[in-house]
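As structure tokens, the structure follows; a few thoughts come after it.
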Amino acid sequence: MTIDQINSNIHDRRAGGYPEGIGRISDGYHTFDELYAHRIALFKALSRALFGLTVYEADFPWKSKLQSNGTMEEGWFIAGIGSATGKQITYHIPISEWDEWCANEIPYAPAWDGHTSADVIKRLKSL
Numbered sequence: 001m002t003i004d005q006i007n008s009n010i011h012d013r014r015a016g017g018y019p020e021g022i023g024r025i026s027d028g029y030h031t032f033d034e035l036y037a038h039r040i041a042l043f044k045a046l047s048r049a050l051f052g053l054t055v056y057e058a059d060f061p062w063k064s065k066l067q068s069n070g071t072m073e074e075g076w077f078i079a080g081i082g083s084a085t086g087k088q089i090t091y092h093i094p095i096s097e098w099d100e101w102c103a104n105e106i107p108y109a110p111a112w113d114g115h116t117s118a119d120v121i122k123r124l125k126s127l
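With full-length UniProt numbering, you'll find the sequence shown wraps up at 127, consecutive numbering, no jumps.
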């Protein structure tokens with residue numbers, strides 16, 4: 001089976017309404033669930049560390065239950081660092097993390113600046 005076939009099977013399973021078990025898929029070392037838990041914990045720690053250190057409001061860690069257009073997927077919120085175009089680092093985070101997330105609560109997330117995963121990695125490395 002090729003990587004493209006594996007990815008297609010995962011996509012089809014999710015699109016078909018059967019996402020159960022996808023998080024248990026492993027590379028032999030970690031499952032998707034473990035990797036996402038690590039990502040959430042690391043971004044949470046970074047947000048907490050930066051929360052008391054940032055000088056400019058545009059650079060503050062923030063969280064919002066609504067996207068800039070007023071919508072949101074049920075069970076999620078957006079957490080971010082930076083709000084200016086070209087500076088945003090954002091992730092969708094499970095709502096179960098909301099109360100413990102150290103960030104300024106804002107009514108709407110900043111308008112998405114079009115960043116990709118590669119952009120976020122570059123921006124994280126530049127902090």
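Yeah, the Cβ is synthetic: ideal placement off N, Cα and C, and Gly gets one too.
**Request:** Pick helix, strand or coil for residue 73, following the three-state DSSP scheme.
**Result:** Three-state result, residue 73: coil.
**Request:** Report the rounded CA-to-CA distance for residue 50 versus residue 12, giving the unit in angstroms.
**Result:** Straight-line Cα distance between these residues: approximately 39 Å.
**Asked** Fully enclosed by the UniProt domain "WDGH" (23-126), which alpha helix (DSSP H) runs are 4 residues long or longer?
**Response** Inside the UniProt domain "WDGH" (23-126), DSSP marks whole alpha helix (DSSP H) runs of 4 or more residues at positions 32-51 and 117-125, from first to last along the chain.
**Asked** Cβ of residue 73 versus every heavy atom of the ligand FAD: is any distance shorter than 7 Å?
**Response** The ligand FAD is absent from the structure shown, which contains no ligand whatsoever.
**Message:** Measuring straight from C-alpha to C-alpha, what distance separates residue 103 and residue 60?
**Reply:** Between the alpha carbons of residue 103 and residue 60 lies a gap of roughly 7 Å.
**Item:** Of the residues 63, 74, 107 and 9, the one placed nearest residue 82, counting alpha carbons only
**Value:** Comparing Cα positions, the closest option is 63.
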